[in-house]
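Comments concern the structure below.
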Amino acid sequence: MRTELRFLLAISLMILVLVGTNLLFPPPPPPSPAPEETAGTTEAGSPSEAGDQMGEPGGDPESGAVDRPLAEDRPAEEAVDTQAAEAPGADEQAPPRLVTVESPLYRFTFTTRGGRLVSAELLGFNSFTRDGYVDLIPDGGRGAMGTRLLVDGRTVDLSERTVRIEPEGGLTVSPDGGSQTLTVVADPRGGDPGVELVYTFDPDLYSVGVQGRVLGAESAVVFTDLGDGVSMNETRPQDEERAMAYVVNHTQEGIRVVSLGKVDGAATEEGPLYWAAFKSKFFAMGFLAGLEPDAPDAHLGGALVEPAISEFRAGMEVSQPVAPGGSFEFRLFAGPQDYQRLRDQGRGFQNLNSYGWRMFRPVIRPFVGIIMTILVFLHENLRLGYGWVLIVFGVMMRVVLWPLNHKAMKAQLRNMAVQPLLQEIQTKYKDQPEKLQKELMKLYKEHGFNPLAGCLPMLLPWPVLIALFFVFQNTIELRAVPFIWITDLSAPDPFYILPILLGVSMFVLQWISLRTMETPNPQMKAMMWIMPFFMLFIFANLASGLNLYYATANIATLPQQYWIAGERKRAQAQMKGSAKKEP
164 MRTELRFLLA ISLMILVLVG TNLLFPPPPP PSPAPEETAG TTEAGSPSEA GDQMGEPGGD
224 PESGAVDRPL AEDRPAEEAV DTQAAEAPGA DEQAPPRLVT VESPLYRFTF TTRGGRLVSA
284 ELLGFNSFTR DGYVDLIPDG GRGAMGTRLL VDGRTVDLSE RTVRIEPEGG LTVSPDGGSQ
344 TLTVVADPRG GDPGVELVYT FDPDLYSVGV QGRVLGAESA VVFTDLGDGV SMNETRPQDE
404 ERAMAYVVNH TQEGIRVVSL GKVDGAATEE GPLYWAAFKS KFFAMGFLAG LEPDAPDAHL
464 GGALVEPAIS EFRAGMEVSQ PVAPGGSFEF RLFAGPQDYQ RLRDQGRGFQ NLNSYGWRMF
524 RPVIRPFVGI IMTILVFLHE NLRLGYGWVL IVFGVMMRVV LWPLNHKAMK AQLRNMAVQP
584 LLQEIQTKYK DQPEKLQKEL MKLYKEHGFN PLAGCLPMLL PWPVLIALFF VFQNTIELRA
644 VPFIWITDLS APDPFYILPI LLGVSMFVLQ WISLRTMETP NPQMKAMMWI MPFFMLFIFA
704 NLASGLNLYY ATANIATLPQ QYWIAGERKR AQAQMKGSAK KEP
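What the sequence shown shows, in the working numbering, is residues 164 to 746, in sequence order.
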């Protein structure tokens, strides 16, 4: 069973228990018809029709080029004979040369065969599937940043043409030296146009500015290759496979997420787009419109998507709007899904990580933003590791929710006080349904009776818990972060200590609550024993960070739950005393 479905089942069962506890004694409110809900369906457009709208020539054998193999990596010391490269057939004869750009954050490697990006290593993150750093370019893939031009109805593929890269020795981008540029030029040849790309690298950013210019043509459509997706770098391949997707943000229709496992044919994502990207569980690679965040009127033309050779891979080419004179510009982002860094890109790029199920995303996303802001703030300002931050956050949540729980307790006590009157009315008018209904409504109004008043305030923390589930599953800040015996807060607890602690704390909370009831419901007593084991089963394979937060919140709730139980017992004693004094 999928982890998300198991988690949703657990949440549903907990809410059922919570509501059921508060509805033990009060009679059901007068029934009211529930409105019917209908769900609409949408149909996806035909990929072939979408492709024609983007200007892709029908039946062109070069339209996808997904199966083009990447040239074997050659030693960086091998040189290219520039004069031979300009001669006919030189592309097949000249060995490619590798050019490296290194900054404190990344090491990018370009090849002179098409100017493609064949390696994108992130120096701050170790890979768990290969020796060394995370490399966003999949092994055996064709790389990214290849260029095709559509000129006068024909396609000019520059992704295999030998190009000039300047400076030839690459770049070392240091904080002291500021931004630096790398120029890639595919010269016009044999009547075919070429292209010039100028990359601007910043030592502190994962985004790279790209300024392009078409050479030898008055007008053209430019397609830039985004590669075959992001490589897998995590220890649990099943988690990576679920997270692999391409994401586009349409200027009018908003964000669309498509799992790479569902890409089984050529498709077109029509523009205009603010951005288009591939993502894995923790990393992303994409194109954003304009050189500056939220640049006015900046957009991408659209995207062509095709299945790649291997599973959970897909090829994507993005069309670039070309200004008069043949110029165009965009940004390449290749880095971690760090919430703040993604948000700094503008245009809602932080929503690249599709938190939650589609129907819940409008509700969950705001909570995710708030939670991440709080966690990062506590981490940076209290100088605490994220494990301790989660403990602090769990206690803070219980403190914030104390007034709501107090309100819920008062509502429960008020409902308990009305119970004798309810029973009296039910007995008196049991043979007069209309009169019974009228008297019940009158009682509800006079005494403020509401069967759900005791549980509604308690349901408010659930959106936070659900949002935290997705935060801990896909948040780079928690990747490989240790805490005491835990090696990775984004992975399950290897010794199951936190899930067991969570189950025990849940049992104690239910035991404290049920012991104050004079005639506990047998089903609720059974749930007191079943639920902890069920939650242990569900949470055992969830992120240890989520277990840590939830267990902390439960333990922090124990004093309040004990106090509420005492108040309930005192209220019951007063009710018994009042009943004895009545003649």
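Glycine included, C-beta positions come from ideal geometry on N, C-alpha and C.
Can you tell me which of the options puts its alpha carbon nearest to the alpha carbon of residue i?
i: residue 439; options: 494, 656, 641; result: 494
i: residue 429; options: 733, 394, 476; result: 476
i: residue 455; options: 371, 692, 480; result: 371
i: residue 351; options: 380, 329, 345, 697; result: 380
i: residue 257; options: 268, 266, 265, 274; result: 274
i: residue 285; options: 270, 292, 279, 294; result: 270
i: residue 263; options: 320, 328, 712; result: 328
i: residue 311; options: 303, 322, 393, 394; result: 322
i: residue 564; options: 605, 595, 625; result: 625
i: residue 416; options: 732, 435, 344; result: 435
i: residue 705; options: 465, 484, 657; result: 657
i: residue 508; options: 470, 412, 568; result: 412
i: residue 726; options: 597, 604, 569; result: 569
i: residue 469; options: 654, 389, 714, 548; result: 389
i: residue 571; options: 696, 728, 330; result: 728
i: residue 631; options: 282, 711, 295; result: 711
i: residue 543; options: 640, 678, 732; result: 640
i: residue 472; options: 303, 583, 446; result: 303
So, residue i versus residue j, is the Cβ gap smaller than 8 Å?
i: residue 357; j: residue 309; result: no
i: residue 410; j: residue 366; result: no
i: residue 646; j: residue 550; result: yes
i: residue 467; j: residue 479; result: yes
i: residue 291; j: residue 398; result: yes
i: residue 359; j: residue 345; result: no
i: residue 585; j: residue 567; result: no
i: residue 556; j: residue 537; result: yes
i: residue 510; j: residue 437; result: yes
i: residue 553; j: residue 715; result: yes
i: residue 602; j: residue 588; result: yes
i: residue 492; j: residue 373; result: yes
i: residue 406; j: residue 444; result: yes
i: residue 400; j: residue 338; result: no
Only counting the same chain, and skipping five residues up and downstream in sequence, which positions put a Cβ closer than 8 Å to that of residue i?
i: residue 408; result: 420, 421, 422, 423, 441, 442, 517
i: residue 599; result: 588, 589, 592, 593
Roughly how many angstroms lie between the CA atoms of residue i and residue j, to the nearest whole one?
i: residue 674; j: residue 730; result: 16 Å
i: residue 500; j: residue 676; result: 42 Å
i: residue 562; j: residue 721; result: 12 Å
i: residue 332; j: residue 490; result: 26 Å
i: residue 451; j: residue 457; result: 10 Å
i: residue 559; j: residue 546; result: 17 Å
i: residue 644; j: residue 384; result: 45 Å
i: residue 531; j: residue 307; result: 31 Å
i: residue 341; j: residue 363; result: 10 Å
i: residue 652; j: residue 638; result: 10 Å
i: residue 708; j: residue 628; result: 12 Å
i: residue 387; j: residue 483; result: 7 Å
i: residue 799; j: residue 293; result: What the structure shows of the chain is the stretch from 164 to 746, and residue 799 is not part of that stretch, so it cannot be assessed.
i: residue 433; j: residue 539; result: 36 Å
i: residue 404; j: residue 425; result: 11 Å
i: residue 259; j: residue 465; result: 31 Å
Just to confirm my understanding: we take residue i, look at its own chain, exclude 5 residues before and 5 after, and list those with CB closer than 6 Å. What are they?
i: residue 502; result: 513, 535
i: residue 699; result: 662, 666
i: residue 448; result: 299, 393, 441, 497
i: residue 301; result: 391, 394
i: residue 222; result: Because the pLDDT at residue 222 is just 37, under 50, the model does not fix this residue reliably, and the value given afterwards should be weighed accordingly. Once the five neighbours on either side are set aside, residue 222 has no close Cβ partner at all.
i: residue 272; result: 261, 263, 281, 282
Leaving out the 5 sequence neighbours to the left and right, which residues in its chain are closer than 7 Å to residue i when beta-carbon positions are compared?
i: residue 659; result: 703
i: residue 724; result: 672, 675, 676
i: residue 717; result: 665, 668, 669, 672
i: residue 314; result: 356, 380, 383
Bridge partners for residue i per DSSP, in chain order?
i: residue 355; result: 352
i: residue 343; result: 364
i: residue 568; result: Per DSSP, none; premise fails for residue 568.
i: residue 289; result: 296
i: residue 590; result: Beta-bridge pairing links residue 590 to no other residue.
i: residue 455; result: According to DSSP, which records beta bridges pairwise, residue 455 is partnered with nothing at all.
i: residue 712; result: In the DSSP output, where bridge partners are listed per residue, residue 712 has none listed.
i: residue 656; result: Per DSSP, none; premise fails for residue 656.
i: residue 510; result: Its beta-bridge partners do not exist; DSSP assigns none.
i: residue 327; result: 348
i: residue 666; result: None, per the DSSP bridge assignment.
i: residue 501; result: Partner(s): none; residue 501 has no beta bridge.
i: residue 282; result: 272
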